[in-house]
Each structure stands twice: as C-alpha cells, then as structure tokens.
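Undergrad: Handing you a structure now.
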Ligand SMILES: Cc1ncc(COP(=O)(O)O)c(C=O)c1O
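Residue numbers (our numbering): 4 to 398.
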C-alpha cells in the first residue's frame, strides 16, 4: 500500500493530511528535507520549531547512537547520568533551580499548572493566560490555551482557567485576585501568529505577580532554546519567571519537555505528586545535552541574532516592495511572521512549496517562518528570493 493509503486507512485524521496534497518526506540534512521523488526543500517549518540545528545534526546523531547502544531506557526509580547532567546544564543557564522532565510541551505545561496549584496548597487555583495563546492539547493545557476553536467539543473543561488580553496589563490586573495561583504567558506567541510581548507588559506581569502572590510562568516551549537569539526569550526583557517550560527545540528532533522552577516553588512537589515513564529518558537527554552544548558555545547565539536581523530586514524589504499585499512583518530572532492583507496564506504556502521552500500558514493571512538556527546567510537569502517570487505571483 502507498503511504497516503496507509495513512488514510490506519491513522486518525487529526492533521488533515490529504492524498495528492500532503508531502511525503523521506530524508533530512541540515536546512533541507527531501520528498519521495527526490525533490529538495529548504525547511522553514522545521518540525514546527523543533529542528533548531537543522536535520540530523551530526552531534545529535552521535549522542543518540552512542547512548542507545549503552542504555536506552530505565525507570525513573533509578539514577541516570544523562538526566542529571542535562538538568545541571539547564539550571546553570537559567533563572530556575530544579527541573521536572516530561515528553512534550503540553506535558511540561501540565506539570507547571499542577506545581502552581500544589504550591498554593489548594488555597489558590486559578491560572490566568492570554487570549490567542497556545499551551497544548491535553485537557488542562487546551483550557489554558486562549483560543476557543481548540476547546470546542471537549466540555466540560477543567475549572479555574481565565483569559486576559496579550500585551494588555490592565486586563490581567482586572482578573487577578486571592484565588490566582499563576499567570502563564508565552513571551512570544507562536501558534497564535508570532506576537512579541512588549517590555512594559512582561515587567508589569512580574510586578503584578510579586504584589499578588501569584506565580509567573513563561511558556517557552516554542520561543525558548535560542529561537529568539537568546537562550530564553525572557532574557530580552531581563524579567525572570518562577517557573518556565521548554520543549520543541531542546531534543534536536527527539521528544522532550521540561518544566523548570525556582527551588522554593519546586519543593512543593513531593515524591508521588507527579511522574512520567519516559520523562528524562537517557537517549533523549543525551540528544538535548548535545544541542545545548552547541547553542551555548560562543558565538553561536550572537550569530543567530545577526542572521535573524538579516532575515527580518529582508522580510521588511519585501513588505515595502509589496505594499498592497503585505500588512506587516513581525517577530523576534528566528521566529518571524508575514501577515498578508488578504486571505492568501494557504495559497502562498503552496506556492513556496512548489518553489522549494516549506513555510507554515497560520489562519488565513499569516505566514510563519521558523528557520533552523544553523541556517546560513545563503539559505536565508534563497528563502527570501522564493518568498519574493511567491508574493509577485499572488493575485
Ligand atoms: C507555546 C507552546 N506551548 C505548548 C505547546 C504544546 O507542545 P506539544 O505539541 O509538544 O505538546 C506548543 C506547541 O506548538 C507551543 O507552541
């Protein structure tokens, strides 16, 4: 059977993959992926912000292969060095003191929500998040997500989640009370369409939490791991969270999620309060160590920032060249969007694909670009040329 036939028959259709429309990818290397007919694409979808070192980075491949030969999995009842060492690197390079390992962004956020509630010992339970946010698809995280379309059909949703408006501090102030356990936001909203938090907003949230006794949680699942040109996006504003979550890019293509917390908060989790069979798996932790080693080596992140400025200014030039088509471009580091004036994002995505560039359409008007942090200037320029051609051909 062909892969599209197998998919249609045996896989529940949650992704809307369609015979004759969906790419069949068979190989990846660096910024490129190849389809089953040998066509090569520049991949600016990157597993939706996962492949930060591109595909099959040799350091990740080596780390995974050597670990899988030695010890591929044991229970969390026992110690393993990859888990302990990864925790150390994460803590030594962040505002937090201890970690909990999970397997995905949603699981990391679940852990953060549970920890925030148990920290307040049941006294405070409400979590306030932002409209247009995205925090995952489990019942709690989809309820935290400030987009109704993801919640439809799943009632009753867990209690205690409220939504304020992103970049509108007053809307959070209105909702905070003595039952607020935490405020949770993405410093840069990803799935919502790449909206960057304003400094006054992020600082204001920190002050609001300090005043009210609520915890501040940053969801850095998409914007963390160097994506914005700094290891953690919150470093752009110098504002530190009480907890934050990381996933996507951390495993270099392998599934991992982490919740990090300040020690005073972390202590609220006692043995038996939370667990994950695969969380902190040695193979995945070795992959993550390899990724972090590369990202933390100077001048890797300075280079990411420099290249991202080139890419952003390239997008801005395109916006200026096509004033009747492009509403605006926005982003931070290698997390960029182009908003179109008309609902042509799907058409633009398709046209880029035909020209050898994978980008992601969000809704009807937004194109999202998530280049690997390792993309060379030439790759970014090639992508910009394809986007230009695409814009030129749009109606
Ligand atoms: C900010 C943010 N949080 C959480 C998630 C959920 O992550 P996962 O799909 O790994 O559960 C995502 C996924 O897109 C995300 O962008």
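Quick reminder that beta carbons are idealized off the backbone N, C-alpha and C, glycines included. Bear in mind that the values here come from a model prediction, so they are computed numbers and not experimental data.
Evaluate residue 230 with the Cβ neighbour count: other Cβ atoms within 10 Å of its Cβ, from every protein chain shown; 16 or more gives buried, anything less gives exposed.
TA: Position 227 of the chain shown, counting from 1, holds the residue named residue 230. Flag for residue 230 reads buried.
Undergrad: Smallest Cα separation from residue 386: which of 360, 395, 367?
TA: Along the chain shown, one-based indexing puts residue 386 at 383. Minimum Cα distance to residue 386 is reached at 360.
Undergrad: Per the DSSP calculation, residue 198 is bridged to which residue(s)?
TA: Here the question's residue 198 lines up with position 195 in the chain shown. Here residue 198 is bridged, per DSSP, to 192.
Undergrad: In terms of alpha-carbon separation, which member of 371, 383, 356, 374 lies closest to residue 410?
TA: Shown here, the chain extends from 4 to 398; a query on residue 410 therefore has no answer.
Undergrad: Please name the residue, chosen from 161, 123, 291, 14, that lies closest to residue 140 on a Cα-to-Cα basis.
TA: The residue labelled residue 140 in the question sits at position 137 within the chain shown. Cα-wise, what sits closest to residue 140 is 161.
Undergrad: Within 8 angstroms: the Cβ of residue 16 and any heavy atom of ligand 1?
TA: Residue numbering aside, residue 16 sits at position 13 when the chain shown is read from its first letter. Flag unset: Cβ of residue 16 not near ligand 1.
Undergrad: Rounded to whole angstroms, what is the Cα-Cα separation between residue 319 and residue 332?
TA: To locate residue 319, count along the chain shown from 1; it is residue 316. To locate residue 332, count along the chain shown from 1; it is residue 329. Residue 319 and residue 332: Cα-Cα distance of roughly 6 angstroms.
Undergrad: Hey, which unbroken runs of the alpha helix (DSSP H) at 4 residues or more fall wholly within the stretch 268-339?
TA: The stretch 268-339 contains these whole alpha helix (DSSP H) runs: 285-299, 303-324.
Undergrad: First and last residue of the beta strand (DSSP E) that includes residue 10?
TA: Here the question's residue 10 lines up with position 7 in the chain shown. Not the beta strand (DSSP E): residue 10 falls in the alpha helix (DSSP H), residues 6-13.
Undergrad: Along the chain, which unbroken stretches of the beta strand (DSSP E) at least 3 residues long are found entirely within the stretch 201-231?
TA: 218-222
Undergrad: First and last residue of the beta strand (DSSP E) that includes residue 248?
TA: As a working note, residue 248 is residue 245 in the chain shown. 246-249 is the extent of the beta strand (DSSP E) around residue 248.
Undergrad: Taking the CB atoms as reference points, tell me whether residue 223 and residue 183 lie closer together than 9 angstroms.
TA: Along the chain shown, one-based indexing puts residue 223 at 220. Along the chain shown, one-based indexing puts residue 183 at 180. Going by C-beta atoms, residue 223 is not nearer than 9 angstroms to residue 183.
Undergrad: Using DSSP with H/G/I as helix, E/B as strand and the rest coil, what is residue 94?
TA: Stepping through the chain shown from its first residue, residue 94 is reached at position 91. Here residue 94 sits in helix by DSSP.
Undergrad: So residue 197 and residue 334 are supposed to be a Cβ contact under 8 angstroms. How far apart are they, rounded?
TA: Numbered from its first residue, the chain shown carries residue 197 at position 194. Numbered from its first residue, the chain shown carries residue 334 at position 331. Rounded, the Cβ-Cβ distance is 5 angstroms, consistent with contact.
Undergrad: Among 315, 370, 365, which one has its Cα closest to the Cα of residue 380?
TA: The count along the chain shown starts at 1 and reaches residue 380 at position 377. Closest by alpha carbon: 315.
Undergrad: Helix or strand or just coil, what does DSSP make of residue 242?
TA: What you label residue 242 is simply residue 239 of the chain shown in a count that begins at 1. Residue 242 falls in the coil class under three-state DSSP.
Undergrad: Okay, do the stretch 129-147 and the stretch 77-97 touch, 3+ Cβ pairs below 8 angstroms being the bar?
TA: no
Undergrad: Which residue or residues does DSSP assign as beta-bridge partners of residue 164?
TA: Counting from one through the chain shown, the residue named residue 164 turns up at place 161. 130.
Undergrad: Nearer than 8 angstroms: is that true of the beta carbon of residue 219 relative to any heavy atom of ligand 1?
TA: Here residue 219 corresponds to residue number 216 of the chain shown, with the count starting at 1. Answer for residue 219: no, Cβ out of range of ligand 1.
Undergrad: Mark residue 251 as exposed unless 16 or more other C-beta atoms lie within 10 angstroms of its C-beta, in which case mark it buried.
TA: The residue given as residue 251 occupies position 248 in the chain shown. When all chains shown are included, residue 251 counts as buried.
Undergrad: Report the partner residues of residue 368 according to the DSSP bridge assignment.
TA: Position 365 of the chain shown, counting from 1, holds the residue named residue 368. Answer is none; residue 368 lacks a bridge partner.
Undergrad: Start and end of the alpha helix (DSSP H) containing residue 147?
TA: Along the chain shown, read from residue 1 onward, the residue named residue 147 stands at position 144. From DSSP, the alpha helix (DSSP H) with residue 147 extends over 142-147.
Undergrad: DSSP on residue 352, reduced to helix/strand/coil?
TA: Working through the chain shown from its first residue, we reach residue 352 at position 349. Reduced to three states, the DSSP call for residue 352 is helix.
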